[in-house]
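Trainee:
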Amino acid sequence: MWLIVAREPLPDKAYWPGRVWLAAADAVAWPTLWSLLALQAESAGLIGSVVVALSVMFGLKRLHQALWLNHRYRFTAWRWGKVVAGLMLIGIVLKLSIGN
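Numbering-wise (my numbering), the sequence shown opens with residue 28 and increments by one.
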């Protein structure tokens with residue numbers, strides 16, 4: 028038996044001045060970073076080319092969403108920044124608890 032559950036769409040994000048251009052920069056920065064990392068790998072070969080092609084495709088999709096569907100755009104830097112900050116906090120607590 029198949030069970031299909033449809034989630035409600037997330038509410039629109041609030042608009043503030045500069046959100047469109049900051050979202051566009053965020054939308055382009057992350058795929059560019061992935062492309063640069065794939066190109067720096069010496070043994071990437073075909074996988075590196077696929078990563079670059081996919082990052083260009085996703086970057087264009089994200090740029091379209093950032094510019095024309097800005098009320099639906101979620102910032103990647105904010106999402107992963109919280110994760111990185113949490114990991115750094117855990118690292119600091121571990122370092123203090125060990126007492127180097």
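Heads up, the beta-carbon is just placed ideally off N, CA and C, and yes, glycines get one too.
Have a look at residue 95 and residue 43 and give me their C-alpha separation to the nearest angstrom.
Mentor: Approximately 15 Å between the Cα atoms of the pair.
Trainee: According to the neighbour-count rule (16 or more other Cβ atoms, all chains shown, within 10 Å of its Cβ), is residue 76 buried or exposed?
Mentor: exposed
Trainee: Going by CA-CA distance only, name the one from 32, 37, 28 that's closest to residue 98.
Mentor: 37
Trainee: For residue 54 versus residue 89, is the C-beta spacing smaller than 7 Å?
Mentor: Contact: yes.
Trainee: Output the boundary residues of the alpha helix (DSSP H) element that contains residue 105.
Mentor: 103-125
Trainee: Using 7 Å as the threshold, is the C-beta distance between residue 41 and residue 93 below it?
Mentor: no
Trainee: Considering only C-alpha positions, which residue in the set 81, 68, 120, 100 is nearest to residue 47?
Mentor: Minimum Cα distance to residue 47 is reached at 100.
Trainee: Which same chain residues end up closer than 6 Å to residue 104 when comparing Cβ atoms and leaving out the 5 residues on each side of it in sequence?
Mentor: Cβ neighbours of residue 104 beyond the five flanking positions: 53.
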